[in-house]
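To start, the structure under review is shown below, and the notes come after it.
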Amino acid sequence: MGINLVQYRHLLQTLPQDVTLVAVSKLKPASDILALYNEGHRDFGENYVQELTDKQGQLPKDINWHFIGHLQSNKVKYIAPFVSLIHGVDSLKLLAEVNKQAIKNKKTIPVLLQVHIAKEETKFGLDAAELDQLIQEIQGQPEIWTGIRLSGLMGMASFTEDASQVKAEFDILAELFEKYKPVQTANISFRHLSMGMSNDYELAISCGSNMIRIGSMLFGARN
Ligand SMILES: *Cc1c(COP(=O)(O)O)cnc(C)c1O
């Protein structure tokens, strides 16, 4: 089973104008990405640093690469030169490394802070207090953080059939997003609310998402 272009076109037609579709191509071949690229698609999401750098080397240079996986600090340097948006930043340590590598590359890297909204213990992310602390830290020392821009929030809902549970989790993230939107500094400017995957993107959009990360619905199931 390969890429589903009919599904892609249909999805694009049904999405509200302000919602960015990030096509999650992890574990899928570069040829699948190229097929979507040839439809005009430019935003692709990857979870693994080695796989991302391999694909970036092979594919057209005007692709906007989103890193959506759990990023280790010691690997930031490999993606800093070309990455468009890092979705899953959930510690000051990681943020500091992104800042450092961005400055080295003479660029500003937009990042989304990951918030833990799911019931499951295993999912990464900050709680509301940690999020607040981190934002205050950046706000308090703008001269240090010139390599990054806090551009919004990202989260993953619980893996459950219970739509009311998923909705409650998306609502929490959307509320936090609205809370910090008025904060506008040189390197804080919230515009992206990244929530929603193949199974729950419609609900996510109804809760205020403007960036969805869709993998299996476009590329087929992963092994
Ligand atoms: C894999 C992944 C996705 C895509 O999931 P699908 O269910 O295949 O749409 C979205 N977000 C993150 C963080 C992922 O790891």
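Residues in the sequence shown are numbered consecutively from 2, following this note's numbering. Beta carbons: idealized from backbone N, C-alpha and C, even for Gly. These figures come from a predicted structure and were not determined experimentally.
Bridge partners - D44, DSSP secondary structure assignment
Paired residues: N65.
Can you tell me which residues form a DSSP beta bridge with R214?
According to DSSP, R214 shares a beta bridge with V23.
Within 7 Å: the Cβ of V25 and any heavy atom of ligand 1?
Indeed, a heavy atom of ligand 1 lies less than 7 Å from the Cβ.
Which word fits R214, buried or exposed, when buried means at least 16 other C-beta atoms lie within 10 angstroms of its C-beta?
It is buried - the Cβ of R214 has at least 16 other Cβ atoms within 10 Å.
Check whether the Cβ atoms of I4 and F220 lie closer than 8 Å to each other.
Going by beta carbons, I4 and F220 fall inside the 8 Å limit.
Nearest candidate by alpha-carbon position, reference A119, set L132, I139, T161
Per the Cα distances, T161.
Can you give me the Cβ contacts of N188 inside the same chain, cut-off strictly under 8 Å, excluding the 5 residues immediately before and after it?
Contacts found: T109, I139, P143, W146, T147, I149, R150, L151.
Can S210 be considered in contact with ligand 1, in the sense that its beta carbon sits closer than 7 Å to one or more heavy atoms?
At a threshold of 7 Å, S210 does not count as near ligand 1, since its beta carbon sits no closer than that to any of the ligand's heavy atoms.
Following a CB-centred definition, is S85 positioned closer than 7 Å to any heavy atom of ligand 2?
Judged by which ligands are present, ligand 2 is missing from the structure shown, whose ligands are ligand 1.
C-beta contact flag for L96 and Q115 at 8 Å:
Not a contact, by the Cβ cut-off of 8 Å.
Let me know the secondary structure DSSP gives T161 once reduced to three states.
Coil, per DSSP.
Just grab the DSSP bridge partners of Q185 for me.
Checking the DSSP bridge columns, you'll see Q185 partnered with S190.
Starting from the C-beta of G46, find all residues in its chain whose C-beta is less than 6 Å away, skip the five residues before and the five after it, and write them out in chain order.
So the list reads V23, V25, H67, I69, R214, once near-sequence residues are dropped.
So the beta strand (DSSP E) R10 belongs to, where does it begin and stop?
R10 -> not in any beta strand (DSSP E); alpha helix (DSSP H) instead, spanning 6 to 15.
Using the Cβ count rule (16 or more neighbours within 10 Å means buried), how would you classify S210?
It counts as buried.
Does G89 pass the burial test, meaning 16 or more other C-beta atoms within 10 Å, or should it be called exposed?
Here G89 is buried: its Cβ has 16 or more other Cβ atoms, across all protein chains shown, within 10 Å.
What residues in its chain sit with their C-beta under 7 Å from that of D44, if we drop five residues either side in the sequence?
The answer, listed in chain order, is T21, L22, V23, A24, N65, H67.
So if DSSP puts L151 in a beta bridge, which residue, or which two residues, is it bridged to?
According to DSSP, which records beta bridges pairwise, L151 is partnered with V112, I189.
Ignore the nearest five residues each way along the sequence and tell me which others in M212's own chain have a CB closer than 6 Å to its CB.
Only T21, H193, S195 meet the Cβ criterion.
Using the C-alpha atoms, what's the distance from L204 back to E131?
Each residue's alpha carbon lies about 26 Å from the other.
Decide if G216 is buried, meaning its Cβ has at least 16 other Cβ atoms within 10 Å, or exposed.
So G216 counts as buried.
Does ligand 1 have even one heavy atom less than 7 Å from the beta-carbon of G70?
The answer is yes for G70.
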